[in-house]
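So the sequence lines, in the order shown, correspond to chains U and B. Residue 157 is where the first sequence starts when you use my numbering, and the numbers rise one by one after that. Residue 157 is where the second sequence starts when you use my numbering, and the numbers rise one by one after that. The C-beta atom is built at its ideal place from N, Cα and C for all residues, glycine as well.
2 protein chains.
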Amino acid sequence: MARINDNYLKLKAGYLFPEIARRVNTFAQENPNANIIRLGIGDVTEPLPQACQDAMVKAIADMGDRNTFKGYGPEQGYNWLREKIAQHDFQSRGCDISADEIFISDGSKCDTGNILDIFGKNNKIAVTDPVYPVYVDTNVMAGHTGDANEKGEYEGLVYLPISAENDFIAQIPTQAVDLIYLCFPNNPTGAIATKEYLQSWVEYAKKHEAIILFDAAYEAFITDPSLPHSIYEIEGAKDCAIEFRSFSKNAGFTGTRCALTVVPKNLTGKASDGSEVELWKLWNRRQSTKFNGVSYIVQRGAEAVYSEEGQAQIAQLVKFYLENANIIREELTKAGLTVYGGVNAPYVWVKTPDGLSSWDFFDKLLHNVNVVGTPGSGFGAAGEGYFRLSAFNSRENVLEAMKRITTTMKFSS
Amino acid sequence: MARINDNYLKLKAGYLFPEIARRVNTFAQENPNANIIRLGIGDVTEPLPQACQDAMVKAIADMGDRNTFKGYGPEQGYNWLREKIAQHDFQSRGCDISADEIFISDGSKCDTGNILDIFGKNNKIAVTDPVYPVYVDTNVMAGHTGDANEKGEYEGLVYLPISAENDFIAQIPTQAVDLIYLCFPNNPTGAIATKEYLQSWVEYAKKHEAIILFDAAYEAFITDPSLPHSIYEIEGAKDCAIEFRSFSKNAGFTGTRCALTVVPKNLTGKASDGSEVELWKLWNRRQSTKFNGVSYIVQRGAEAVYSEEGQAQIAQLVKFYLENANIIREELTKAGLTVYGGVNAPYVWVKTPDGLSSWDFFDKLLHNVNVVGTPGSGFGAAGEGYFRLSAFNSRENVLEAMKRITTTMKFSS
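Listed below in structure tokens is the structure:
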């Protein structure tokens with residue numbers, strides 16, 4: 157008799173974004189003429205950079221010629237891409253990361269979930285609250301938690317609350333934890349981390365022999381030169397951190413699929429016999445056995461991000477979305493709402509007005525002005541009373557959404 | 157203190173193909189002028205079908221226009237691709253499989269490993285011996301086994317030996333198991349399954365409430381019209397089987413990356429409270445949470461496989477590789493070797509001559525004639541004394557490899 161993984165039954169109804177899609181689809185069916193503007197899911201809308209398109213068309217031609225055809229590539233990714241990433245994203249910022257510490261993948265969502273494969277069942281795991289739901293759900297599915305309480309908090313996880321009270325910066329815990337998820341620029345709050353703040357996490361991790369799982373998917377949106385783009389800009393981070401990066405948001409690859417994970421070679425975890433084991437070897441084995449590399453065509457597209465044209469084109473994309481974020485900030489502020497984030501980050505984190513719950517505000521925006529956002533409570537109990545708006549949309553849609561909100565809704569925050 | 161997944165330490169040195177690569181690289185460095193012909197890893201060599209190339213170039217143009225740009229796609233794959241697969245690969249053969257039972261992925265290797273996420277730790281698992289190593293290694297990594305013995309067999313797994321003695325067709329076990337991996341046409345032996353044989357497995361699975369994990373990655377190589385391409389051609393299979401398919405071998409997608417998994421909606425497993433849970437719901441949740449769909453560009457390439465031109469082009473590819481298999485069979489037989497498979501399958505399974513071990517024969521072929529194959533023992537203890545040659549290569553290389561073997565080596569099998 158085949159047994160299922162019972163841990164899945166602990167998961168709360170639907171992953172956040174499918175639930176949003178369900179509500180929006182129901183509304184759209186009942187209101188077929190509504191012009192719905194989606195500022196909910198953090199999905200890009202602007203065309204792929206021309207440099208990436210050109211490189212992929214050329215790669216397809218390679219695949220059409222027996223002499224340049226590519227079969228299975230290295231599971232870790234092609235060296236020509238890993239080298240460019242190492243040089244451009246890390247070494248140029250003073251981070252001592254080499255090409256063979258970079259693993260190319262088809263997405264950061266996949267990597268942040270799959271990384272748990274190499275860790276044991278008996279780690280104490282910390283997440284911020286609110287947090288990107290994938291970190292929590294994948295731990296539930298892996299059996300690292302007990303059941304959820306009525307607030308949706310899973311037994312066994314350590315929740316680090318972030319809110320306006322602490323400027324959306326989690327306090328370093330006093331207790332020892334073993335794995336810590338950090339995301340900066342933050343999804344969902346748009347908060348950023350200074351070098352000093354990350355330094356305190358690195359010191360904590362080294363003291364407790366913990367591993368920081370650092371999600372830098374939004375680093376391209378940092379414009380303040382004093383802010384770190386990578387955890388490896390912090391001294392000592394190579395001994396205690398894994399970093400996740402993506403081409404989804406800087407180069408518009410959400411539908412093209414390419415990302416990367418950095419696992420430094422000297423990074424270790426403890427086996428149950430007390431010996432230290434290199435995490436690089438475990439992740440390399442995991443990827444070699446359960447993954448077959450990213451499409452050659454897509455990797456050529458990602459490589460083009462590092463060409464001169466590619467760099468200019470992604471800079472334009474990032475600038476465009478940051479302008480959207482600024483418009484959202486300014487207009488909502490004018491409308492009487494209190495907003496956070498949206499500077500050095502593509503997400504604006506809104507305090508719900510009039511004491512509304514996050515889902516009530518979601519329904520109100522959807523029904524009254526046909527604008528879709530993301531309820532803060534979907535990111536965790538401490539996200540209740542907040543709402544996320546994404547800057548990933550066309551200028552026209554952002555302006556129209558803001559106009560609808562500012563002209564037809566009245567708030568007192 | 158971060159703890160690692162100790163199960164990884166049970167894995168034997170290196171996944172088979174990295175170990176082959178290591179030996180070949182060492183030889184190549186010591187013999188820089190050797191013209192090495194690789195018939196080891198099952199990797200295609202012929203150009204991508206023109207229809208797939210054209211569709212992908214068009215998809216890139218879609219990505220370059222704001223009006224047709226695609227961001228995140230459905231995690232399960234686009235419906236236009238799932239519909240074509242359902243109609244062409246299943247419904248046309250009388251299999252009652254619908255589009256929403258098909259999950260598009262980036263590879264069958266990934267899927268056959270990831271599928272374990274939705275099953276519990278307490279299943280009895282059966283594999284053939286020899287077997288595709290990923291089935292075994294992913295179970296080891298997931299903690300479903302004990303340690304390996306000196307023959308490389310892991311405690312807790314049920315091994316079903318296949319050899320010339322039973323025509324490479326595993327006997328149905330007398331004991332109850334919960335999950336069974338079957339692969340037809342078989343990797344590595346090239347053996348095929350009749351409908352009657354699969355029917356007996358379906359009856360076994362239904363009797364024991366077991367799930368068959370059916371790997372049909374090589375179904376395109378079946379030319380005998382009496383043989384089943386899908387397990388769902390067998391009555392009752394929808395109640396007990398998950399099927400894996402791939403575009404890697406029929407359309408040359410090993411470097412392009414697209415595959416699919418079929419999880420029928422009525423298929424269930426047992427929770428520990430005895431309730432029945434739909435596996436479709438669990439897999440859908442797994443894919444929604446830990447996967448972000450396959451590149452839009454690649455899915456358009458896969459869709460083109462089902463166009464009229466695409467069908468003609470992949471038929472040519474399959475015919476070409478089957479002709480290679482036939483050449484390998486005939487030439488090795490002339491050289492005095494005993495061969496199996498290579499008919500309705502792209503793999504030829506060779507009995508090693510002169511009582512040589514699989515790895516000794518590997519080294520002998522590599523050193524004497526610079527031909528790379530795969531040692532049968534790499535696929536399991538019962539593969540010892542066998543050797544796999546792949547038909548995936550250019551005609552020129554296959555002819556040259558066979559010429560070297562037949563003219564310079566003498567065998568007595």
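Proximity of U/Leu313 to chain B, defined by a Cβ-Cβ separation below 9 Å, is not satisfied. Against B/Ala366, the close residues of chain U are Met157 and Ala158, in the order they occur along the chain (beta-carbon pairs closer than 9 Å). Between the region 289-301 of chain U and the region 431-450 of chain B there are three or more inter-stretch CB-CB distances shorter than 8 Å, so the stretches are counted as touching. Proximity of chain U to B/Lys307 at the Cβ level (cut-off 9 Å) is not reached, the minimal Cβ distance being about 20 Å. Each of B/Gln331, B/Val527, B/Val314 and B/Ala217 was checked against the Cα of B/Asn549, and the nearest Cα belongs to B/Val527. Between the alpha carbons of B/Thr417 and U/Arg551 lies a distance of about 39 Å. DSSP assignment within the region 241-266 of chain B yields the following whole beta strand (DSSP E) runs of 3 residues or more, N-terminal first: 258-261. Where B/Lys507 is concerned, there is no enclosing alpha helix (DSSP H), although the beta strand (DSSP E) around it starts and stops at Tyr503 to Lys507. Beta-bridge partners of U/Pro317 (DSSP): U/Asp285. A distance below 7 Å between beta-carbons, with the five flanking residues on each side excluded, links U/Asp395 to the following residues of its chain, in chain order: Lys362, Asn422 and Leu423.
Sequence-distant partners of U/Ile398 (beyond 5 residues in either direction) whose C-beta falls short of 6 Å from its own C-beta, in its chain, are Leu369 and Val419.
In the same chain as B/Asn279, and ignoring 5 residues on each side of it, the C-beta atoms closer than 6 Å to its own belong to Asp334 and Leu335, in chain order. For the region 173-189 of chain B, residues whose beta-carbon sits nearer than 9 Å to a beta-carbon of chain U comprise Phe173 and Pro174. Taking C-beta atoms as the reference points, U/Leu338 and U/Ala349 count as a pair closer than 9 Å. Under the three-state reduction of DSSP, U/Cys414 is assigned to coil, being neither helix nor strand.
If you look at U/Gly534, you'll find it isn't in any beta strand (DSSP E); DSSP assigns it neither H nor E. At a cut-off of 9 Å between C-beta atoms, B/Phe259 does not count as an interface residue with respect to chain U. With fewer than 16 neighbouring CB atoms inside 10 Å of its own CB, B/Lys307 falls in the exposed class.
When only Cα atoms are considered, U/Val213 and B/Ile453 end up about 11 Å apart.
The region 408-474 of chain U is shown to contain whole beta strand (DSSP E) runs of 3 or more residues at 415-418, 424-426 and 432-434, in chain order. Nearest CB-CB separation between B/Asp303 and chain U: not below the 9 Å threshold. Distance from the CA of B/Val495 to the CA of B/Thr489, rounded to the nearest whole angstrom, comes to 7 Å.
For B/Leu338, the enclosing beta strand (DSSP E) begins and ends at Leu335 to Cys339. If you draw a straight line from the Cα of U/Thr412 to the Cα of B/Ala211, it is about 15 Å long. U/Val287 has a beta carbon lying at 9 Å or more from every beta carbon in chain B.
When the five nearest sequence neighbours on each side are left out, the beta carbons in the same chain lying within less than 7 Å of the beta carbon of B/Asn553 are those of Ile193, in order along the chain. The beta-carbon distance between B/Pro286 and B/Gly536, rounded to whole angstroms, is 4 Å. This is short enough to meet the 8 Å contact definition. Within the same chain, Cβ atoms closer than 6 Å to the Cβ of U/Asp273 are found at Arg442, the five residues on either side in sequence being excluded. When the Cα atoms are used, B/Arg485 and B/Tyr388 turn out to be separated by approximately 31 Å.
Counting other Cβ atoms within 10 Å of its Cβ, B/Trp236 stays below 16 and is therefore classed as exposed. Within chain B, no C-beta atom comes nearer than 7 Å to that of U/Tyr353; the closest sits roughly 21 Å away. Rounded to whole angstroms, U/Thr345 and U/Ser514 show a C-alpha spacing of 14 Å. In terms of Cβ geometry, U/Leu478 and U/Ala547 form a close pair [threshold 9 Å]. Looking only at U/Ala207, U/Ser533, U/Pro203 and U/Ser404, the smallest Cα-Cα distance to U/Cys266 is reached by U/Ser404. Residues of chain B whose Cβ lies closer than 8 Å to the Cβ of U/Arg222 are, in chain order, Thr201, Glu202, Pro203 and Ser550. C-alpha of B/Tyr360 to C-alpha of B/Ile328: approximately 8 Å in a straight line.
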